[in-house]
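As structure tokens, the structure follows; a few thoughts come after it.
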Amino acid sequence: MRRLFDLLIGFIIIITGITIALLLYPFYFQINSGAIIIIALLIPLLFGAVGIGWILGGWAGGVGAAIEELGLRFRIWLLMHLLYGDREFLIDLMLIQHVLMKIYEIPYELSINGREVIIKAPLSRDAGIRLMNYLNQRMSKLLIVGVESMEQ
1 MRRLFDLLIG FIIIITGITI ALLLYPFYFQ INSGAIIIIA LLIPLLFGAV GIGWILGGWA
61 GGVGAAIEEL GLRFRIWLLM HLLYGDREFL IDLMLIQHVL MKIYEIPYEL SINGREVIIK
121 APLSRDAGIR LMNYLNQRMS KLLIVGVESM EQ
């Protein structure tokens, strides 16, 4: 379903570029400056490249991963500017959410007591230790003290 959604969005971006090119077509012959003509022609080409990149990003992962990272950074920025509280704490929570929802793709529960966090997730003991070590190396405020198994 995700690949189909990526394909659909890619085609919408490409069609938008074609539509812009067709809307700007009457102006191509009325413009005397060569630089403006080049810019007017580059706009649809840019939309086409972005659309093809979006389509390929669904399978290859390069463009899709970059867009997901921008989305994560945007959510962190929103949290930091819209919610009151400790910013490092919020960034650490976003990191935990991103890792568990996007990388592991598993349901989870968090038990937070001060700075200590216990993650309840359907993981094996080894995967839980790897997750705990990975997150503890990258977080600045919170400390993962354990990963408990949770039945699916």
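Going by our numbering, the sequence shown opens with residue 1, and the numbers climb by one from there. Don't be surprised by glycine CBs; every beta carbon is placed ideally from N, CA and C. Here the structure is a predicted model, which is why all the values come from computation and not from measurement.
Assignment of Asn113 by DSSP, reduced to helix, strand and coil, places it in the strand class. When only Cα atoms are considered, Phe27 and Ile36 end up about 10 Å apart. For the 8 Å CB-CB criterion, Ser111 and Ile103 do not form a contact. By the neighbour-count criterion, in which 16 or more other beta carbons inside 10 Å mark a residue as buried, Ala66 falls on the exposed side. In the three-state DSSP reduction, Leu123 falls in the coil class, being neither helix nor strand.
Here Ile55 is buried. Its C-beta has 16 or more other C-beta atoms within 10 Å. The Cβ-Cβ distance between Gly48 and Gly17 falls below 8 Å.
Bounds of the alpha helix (DSSP H) holding Glu88 are 87-98.
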